[in-house]
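K.L.:
Quick one: the structure is below, questions incoming.
Number of protein chains: 4
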Amino acid sequence: MARPIPYPNSVMKRCSVTKLWGGRFAGGVDPLAWQYNASISFDFRLAKVDIQGSKAWAKGLRKAGVIRADELDLILDGLEKISYEIEASEFYIQPADEDVHTAIERRLTELVGAAGGKLHTGRSRNDQVATDLALWMIEALEVIEKNIKEVQLSLIKRSEKDFGIIINGYTHLQQSQPILLSHWWLSHFWPLMRDRQRLAELKKRASVLPLGSGAMAGTPYPIDRKFLAAELGLDSISPNSIDAVANRDTVAEFLFTASLLAVHLSKLSEALILFSTAEFGFIHLSDAYTTGSSLMPQKKNPDTLELTRGKTGTIIGRLTGLLAALKGLPSSYDKDLQEDKMPLFETYDSLCLMLPVMAGLLESLEVDAGRIHSALNPAILATDLADYLVAKGIPFREAHSLVGQVIRKSEGLHVPLHQLPLKDFLAVNPAFTADVFDVFDFEKSISKRNLPGGTAPAAVQEQIALAKHLAGL
Amino acid sequence: MARPIPYPNSVMKRCSVTKLWGGRFAGGVDPLAWQYNASISFDFRLAKVDIQGSKAWAKGLRKAGVIRADELDLILDGLEKISYEIEASEFYIQPADEDVHTAIERRLTELVGAAGGKLHTGRSRNDQVATDLALWMIEALEVIEKNIKEVQLSLIKRSEKDFGIIINGYTHLQQSQPILLSHWWLSHFWPLMRDRQRLAELKKRASVLPLGSGAMAGTPYPIDRKFLAAELGLDSISPNSIDAVANRDTVAEFLFTASLLAVHLSKLSEALILFSTAEFGFIHLSDAYTTGSSLMPQKKNPDTLELTRGKTGTIIGRLTGLLAALKGLPSSYDKDLQEDKMPLFETYDSLCLMLPVMAGLLESLEVDAGRIHSALNPAILATDLADYLVAKGIPFREAHSLVGQVIRKSEGLHVPLHQLPLKDFLAVNPAFTADVFDVFDFEKSISKRNLPGGTAPAAVQEQIALAKHLAGL
Amino acid sequence: MARPIPYPNSVMKRCSVTKLWGGRFAGGVDPLAWQYNASISFDFRLAKVDIQGSKAWAKGLRKAGVIRADELDLILDGLEKISYEIEASEFYIQPADEDVHTAIERRLTELVGAAGGKLHTGRSRNDQVATDLALWMIEALEVIEKNIKEVQLSLIKRSEKDFGIIINGYTHLQQSQPILLSHWWLSHFWPLMRDRQRLAELKKRASVLPLGSGAMAGTPYPIDRKFLAAELGLDSISPNSIDAVANRDTVAEFLFTASLLAVHLSKLSEALILFSTAEFGFIHLSDAYTTGSSLMPQKKNPDTLELTRGKTGTIIGRLTGLLAALKGLPSSYDKDLQEDKMPLFETYDSLCLMLPVMAGLLESLEVDAGRIHSALNPAILATDLADYLVAKGIPFREAHSLVGQVIRKSEGLHVPLHQLPLKDFLAVNPAFTADVFDVFDFEKSISKRNLPGGTAPAAVQEQIALAKHLAGL
Amino acid sequence: MARPIPYPNSVMKRCSVTKLWGGRFAGGVDPLAWQYNASISFDFRLAKVDIQGSKAWAKGLRKAGVIRADELDLILDGLEKISYEIEASEFYIQPADEDVHTAIERRLTELVGAAGGKLHTGRSRNDQVATDLALWMIEALEVIEKNIKEVQLSLIKRSEKDFGIIINGYTHLQQSQPILLSHWWLSHFWPLMRDRQRLAELKKRASVLPLGSGAMAGTPYPIDRKFLAAELGLDSISPNSIDAVANRDTVAEFLFTASLLAVHLSKLSEALILFSTAEFGFIHLSDAYTTGSSLMPQKKNPDTLELTRGKTGTIIGRLTGLLAALKGLPSSYDKDLQEDKMPLFETYDSLCLMLPVMAGLLESLEVDAGRIHSALNPAILATDLADYLVAKGIPFREAHSLVGQVIRKSEGLHVPLHQLPLKDFLAVNPAFTADVFDVFDFEKSISKRNLPGGTAPAAVQEQIALAKHLAGL
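Protein chains in written order, with the working numbering: chain A, 1 to 473; chain B, 474 to 946; chain C, 947 to 1419; chain D, 1420 to 1892.
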């Protein structure tokens, strides 16, 4: 359970990196250069899909008559064994293993001999890693999609549970108009729907097989690429071998889609941080999603929400970094492309915490309906007051101006708008009559906004139904 | 023809901004604060779509019984007149015109009186500007799509015109394998196909009507939003009024899609800059797309390509900037959202030069087939040499190593690989026989890669046909 | 006063750009390529410093014996005349003027004949534009520095005016400990001090003369570069001609320093936006820095603060964009470098509004001391309660835990911490005695933090004195 | 030597993260939320400086009379013991250790009992982590500075070793003028000098003590902060406790300085990648810094240079990400600030490979003087030809144009410029005489550029001397 974390003495030494695989290096490669090149410390997580891809390739070689049936069996058995070793944490990285691909090929040859040396026939690491990325991404997208759906479900649950509560709506963070709290929760649902749509479209674009493109010119063996695609569950095959090995569009698109998803979560986070301040007091976060202070015993901090907001910045930076790395690359495959994996994996890992933590936080928070109600300010019915005048035939632009005068009067007299005597209304315009006070009714205000997308209870009910339907909940 | 550019004396003055509309400011607004807020200098380009949106809204108000038929006529006529004034550059911005919306409403009231003051009934600038953005973007996307298609067409033309030329393929910018130049041109076609796909998907997402969302709570008038959408040619209506006014997803998605498109153009630019150096010498750019030096009379600089590469950085920055601005925004509409327009418009303007300039450059450049041919190096057939051994039953991994030994020998003896005596081949491995020299045939090498996406002439012909079909060319 | 803004019909046309100088193009340059290259629309603001640089260069040529005394006089007179024309908006850009440098040289030759054609001897646009940038930046930095100083002054004024007001301090946006409001204002002063320090260091680095570097190899004439530097008021001369024309470090550093400055202003903005919500209610912004709503008559929106927050994102994007453009540039001067000017000028223009608007907003806002006082919550004295136990010999970690228990008790009983009966304190730990209630004194709490940088009144007074001294106020 | 890398089964599971410390969680914190918050997996590298800071704090508490001398001894001994445990990898992280600070305090209390619980008196994690960051950064900056110096030394060595070799200078990647190769090497030295200057200035700004600022209000104990600063070797103390805990300027500045440093290395990398292509052929990289291909036996790829170029993008992204995270943070300390460490540490680690790998690559590469010489093109003397006419009294602008005509003639006749018959020169202008052919002398051309910063041998010698002096080499 407890475990030591190796201490990186980086700062005190000439160079921060420890020589991970020290000792022997083939061909006089400079040890630091070796370390600089080696990607196994982060690309090993591709092992599962790399094996999957190699199995398909082996079958493709067999089908093309490049290897014999017994060689195929040996290779498939060897790869299967390596899978088990990895699952059981019994796979040992060797000093000369530069990346996940070489590590697995090396182990395969140890296990099955010469047949292992035939696996790479007609294949390059360029098309191999591109294939691994496609397979990995498709699985990753499914995981993320599922996690977004859970956050959507939490928002739906909240909008059902909190139905009927009227809350100040804000623009510019100033109180503006009354809305249903359910309507507000749902306003965070729809951006996630768009995120899912973008992810689904990305998945289609990721489902293209690069294998068979070789280093960049295509493979000289009569490989049936459509067979490979089918074996790997991919929709189609890449139409140009040069593009196939250079293409990192899906990674950029993943990072963008993740950035926008994170932006959506960060906006919700910011709002919930505000709502859980002492000053707003609209919600109480569960202890399960807050932390204390090392110094101040009374503190209950919304750390998880702040982290989501902060990590959004980090994810935006990863997108930027990749695009900057891709820009102006001169040839089909350049080693710069290796910089795609860390931002991809790290962003995926972040989302895999961000999303379920948000879902849990949403479901466990408590809404303080009393505070929300007492914060309602009749001044936010000013628009309704203008509409009252419009109904009496005054053009809106003029009505807006007249209500402005009434408000200045109410502020000058320090009397709340709804308690201003009728005479003060009349002094501004004779169109005001005794029924003006009927305007000051929050429920009435929201009920009037009864069109699709509006905040009226009936419209919000329909919205919930639509949301459930579209989200598959 | 000649015209003076006003000189911004910014540096010498307290503050760089001239007081554009100096003089009178309503309500004691600080002049600098006014300038800071005012967006008319850049949002005026929304005028056309703003008028379009206002016409639809006026019809919606009429349909909802909010205005009379004669008022509708007045408003529609007034808006039409404003359209003409703008087209004729006879529309005069007034000092108090904060943005395009207020300018047009102000002018409308000047033209049609009280009826003009009714246009804004039940509408807010929040849903109005979101609608304008949707309408503008849809038109912009169509223009960009058309321009991409032209670049694709230029690439197709090149691949047809240059068919048959074999060129060094590069990975890591090192000569790697022979490919058809046509295959290389096409490798820049497919990324643009994906860009078009992304733009088409974005267009669907942009085709959603926000109008009727009011400031954020929805409008209290019985507006038929589906009618509005139909009037404006939009596919659907926004499902949540709060989200509708806050949503800038499409702008972010536009900037991302533009970034990736620019990345694709910058990669092509980088390659063409290299190919047009004296050292590569594969292509000659037309004078129409190069410039000279103010000092060095012999220079012919590939400025347009360099600008495309540089502007790609700028566009990536705009995407970053918008995402950073959106992150953590606390409420439905915040003024920060005003920062969406400049990056959107500037990026659009950049693309509208980048794309046709690239198309023209591609069509007008000359390929130097002689230089390309003489640069072909037999060493790039080393993979074919390994495959030769594979065909003799040697596992690829071993064959790769044996060929490496042959190459070291050839380098040591300073004899080109294809001129190395057979005995030297034999010294490495007895599997080499006299037919080894048949390997050194560039045409044969490419012809073997005859699978979908490969560089064999037949495969490339099929690729061209597919490309034309998918691109609608 | 009123003026028409030309309407960019961009969307409806093939390409968004109007042909600014249409008609004739030397050497068959494609019109769009010309427009793509031309920088005069944005680099004309360098005119003043370009003339300054040209005057110095002319003197240098004379000193080196390259031109005659009468030629020098002609050139200087001609340049002076051009200065006047520009100031008077009587300088006319011609269709063939690609940039500010060619426009001025063209006009000079019109004015003084053959002598004008000698000005560019031994000079290239590469070292010329680098020199212009240095001169422009130095002036720009002085303007910004002065504007920051004004914001600092506003913060000092506030900290003096609001001295004595105790306010909730926040961490994680949760109430944490009492502080002096003056201390809080000053917490926004010091980041600006660091910004000024960074700008001053940048100014030294910008004060280096590139002139004399030619296109990249240096000039072949015996120019006295130290004389040029002295003429232009620059500190030193660049040590390497290749680096001199390629170096855009100062632009990147400007954008970074501006980004951090903007981040500081955006944090202050965010806090003031919160403090001016109805829920916090700690400050009231002046009408001069707020705007209304087109729909909701009661709204008073903190637009200027929101814009500062949003523009910070945009400025970060400009920094990103330039760094991405610079990355991996292959040679000394590449045209990509032209992308440095727009972000530089636009950022400068933004700061020139951001800063004075912030200064004015700070000075004109009203602090609501009553709301601030009534918002003080005794629970923020929990740390003092722990310190009370520490004073009685209980280790802090244990004291922290005991106070936590007391707080849970107070929350359970719904009794404010300072009104909890002594017996409940005693039930947690016998170290509590009757004097525990002395802890609940906000003034005492802040007075105890009387060390440099602390919030005690005496410490804050010293801090104000130090701030004034260091800021030169 | 060999070691298993745990396989992250992320994709197949609900969420990618393994439960690092699974099992018991105090206070019902959600396990995923715990993981989300916990920073020990990356902040443990602060352990050494955290202990250093804690020792100083303990001494400060003793000096202030808060703890007894024997307690101080216990604490110092305990912290010393923890240092040893960490160095020996015998420090065990426990499930409840949230971060490095709590882990060390927990262990201290295990080792020394109650005295350990007194260490955190008057201190908060907020000022503690800010202090750790300052101490860590100062050490990191020294390491980086030393590594940059080594790259500078390598460049000096190259410029001395390759002295005398004349090479094509490039602008727009087109051959422009002859320069000394030494001059070119040095053009990459000076940007590093500026980087060092920026790092030195940052170091001063990092050398400020936050300790004593508590959570944000300052500590209530009479701590001598100047004593603490002296103990920790820091130059000064922070002037405002709120700013002290919120300030992440130095991290942003570190990332910017690192970005610009990386940009400089990426430009050098790009140039070396080009120079090592078959087409340029100017340099041969050592095997120690290149890698082969898994498919193509002849390949020798400049991976280390490509990685430096790619990682520059990543570093730019980290800067962007942090700035986006900092923007608009509302209060003194927000948890978002935790996002500062990963980009800081990762960037440091990258630089610690980038720099020594570049130094080694530079020293080990071979310059191919023959290829460089044979690539020299007389056309790059066109500027000298114009200067020849200038010397005969023709204004430069006219001379430039005349030389342009000569070049067109030479291109039309397919005769190299220097072999064009005199009559053809004369046909353009009678000022040409037989001595025109003296212009075509590369050595003469560079020797004329003999002013500070120029490419003449004497000027370059002086430049080398200056470079050594300023770099302290």
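By construction, the Cβ of each residue, glycine as well, lies at the ideal position given by its N, Cα and C atoms.
1. What is the C-beta distance between A1890 (chain D) and E1650 (chain D), in whole angstroms, given that I count them as a contact (C-beta under 8 Å)?
2. Taking a contact to mean a Cβ-Cβ separation below 8 Å, would you say K335 (chain A) touches L1781 (chain D) in this structure?
3. Suppose only complete runs of 4+ residues qualify. What are the alpha helix (DSSP H) ranges in the segment 1637-1679 of chain D, listed by chain order?
4. Note down, in chain order, every chain B residue with its Cβ under 8 Å from the Cβ of P1639 (chain D).
5. Determine, using beta carbons only, whether R1790 (chain D) comes closer than 8 Å to chain C.
6. With burial defined as no fewer than 16 other Cβ atoms inside 10 Å of the residue's Cβ, what is the status of G1812 (chain D): buried or exposed?
7. Leaving out five residues before and five after D1043 (chain C) in sequence, what residues of the same chain have Cβ atoms less than 7 Å from its Cβ?
8. Look at the alpha carbon of L1101 (chain C) and the alpha carbon of W1130 (chain C), and state the distance between them as a whole number of angstroms.
9. On the DSSP letters alone, give me the boundaries of the beta strand (DSSP E) that L1126 (chain C) sits inside.
10. List, from N- to C-terminal side, the alpha helix (DSSP H) runs of 4 residues or more that fit wholly inside the segment 1742-1783 of chain D.
11. Just to confirm, is the Cβ distance from R225 (chain A) to G212 (chain A) under 8 Å?
12. Can you tell me the Cα-Cα spacing of A69 (chain A) and F915 (chain B), whole angstroms?
13. Report the rounded CA-to-CA distance for V436 (chain A) versus E398 (chain A), giving the unit in angstroms.
14. Please say whether M1556 (chain D) and F1673 (chain D) have beta carbons closer to each other than 8 Å?
15. Within 7 Å: the Cβ of R1868 (chain D) and any heavy atom of the ligand HEM?
16. Roughly how many whole angstroms lie between the Cα atoms of S1000 (chain C) and T1077 (chain C)?
17. Give the residues of chain A in contact with M1242 (chain C), contact being defined as C-beta atoms less than 7 Å apart.
18. Identify, in the order they occur along the chain, each residue of the same chain with its Cβ nearer than 8 Å to the Cβ of M1139 (chain C), setting aside the five sequence neighbours on each side.
19. S238 (chain A) and P220 (chain A) look like a contact to me (Cβ under 8 Å); what is the Cβ gap, rounded to whole Å?
20. Classify T1379 (chain C): buried if its beta carbon has 16 or more other beta carbons within 10 angstroms, exposed otherwise.
21. Comparing the C-beta of V29 (chain A) with each C-beta of chain D, is any distance below 8 Å?
22. Hey, how far is the Cα of N240 (chain A) from the Cα of G642 (chain B)?
23. DSSP state of E1017 (chain C), grouped into three classes?
24. Do L1554 (chain D) and Q1454 (chain D) have their beta-carbon atoms positioned less than 8 Å apart in this structure?
25. For the segment 1191-1198 of chain C and the segment 1267-1279 of chain C, state whether three or more C-beta atom pairs, one from each stretch, are separated by less than 8 Å.
26. Could you confirm whether any beta carbon from chain C is found closer than 8 Å to the beta carbon of K327 (chain A)?
27. Starting from the beta carbon of D43 (chain A), find every residue of chain D whose beta carbon is closer than 9 Å, and list them in chain order.
28. In whole angstroms, give me the CA-to-CA distance for E1558 (chain D) and I853 (chain B).
29. Who are the near neighbours of K1828 (chain D) in its chain, counting only those whose CB is closer than 6 Å to its CB and skipping five residues on each side?
30. Would you call Q1244 (chain C) buried or exposed, if buried means 16 or more other Cβ atoms sit within 10 Å of its Cβ?
31. On the criterion of 16 or more Cβ atoms from any shown chain inside 10 Å, does A587 (chain B) qualify as buried, or is it exposed?
32. How close, in whole Å, do the beta carbons of N774 (chain B) and H1591 (chain D) come, if the pair is a contact with beta carbons under 8 Å?
P.N.:
Taking the structure as given:
1. Not really, about 33 Å apart at Cβ, beyond 8 Å.
2. Not a contact, by the Cβ cut-off of 8 Å.
3. 1644-1650, 1660-1665
4. Chain-ordered listing is empty here: chain B has no CB closer than 8 Å to the CB of P1639 (chain D), the nearest sitting near 33 Å.
5. With its beta carbon at least 8 Å from every one in chain C, R1790 (chain D) lies outside the interface.
6. exposed
7. I986, A1049, R1052
8. Between the alpha carbons of L1101 (chain C) and W1130 (chain C) lies a distance of about 10 Å.
9. 1120-1126
10. 1760-1783
11. yes
12. 32 Å
13. 17 Å
14. yes
15. The model depicted lacks the ligand HEM and carries no ligand whatsoever.
16. 10 Å
17. S176, Q177, A382, T383
18. Q1098, A1413, L1416, A1417
19. With 8 Å as the limit, S238 (chain A) and P220 (chain A) do not qualify as a contact, their Cβ atoms being about 17 Å apart.
20. T1379 (chain C) comes out exposed.
21. yes
22. Using only the alpha carbons, I get a separation of about 13 Å.
23. helix
24. no
25. yes
26. yes
27. The contacting residues do not exist; D43 (chain A) stays about 10 Å from chain D at best.
28. 48 Å
29. Non-local beta-carbon contacts of K1828 (chain D) in its own chain, meaning distances under 6 Å to residues more than five positions away in sequence, involve D1843 in chain order.
30. buried
31. exposed
32. A Cβ-Cβ separation of about 4 Å places N774 (chain B) in contact with H1591 (chain D) under the 8 Å criterion.
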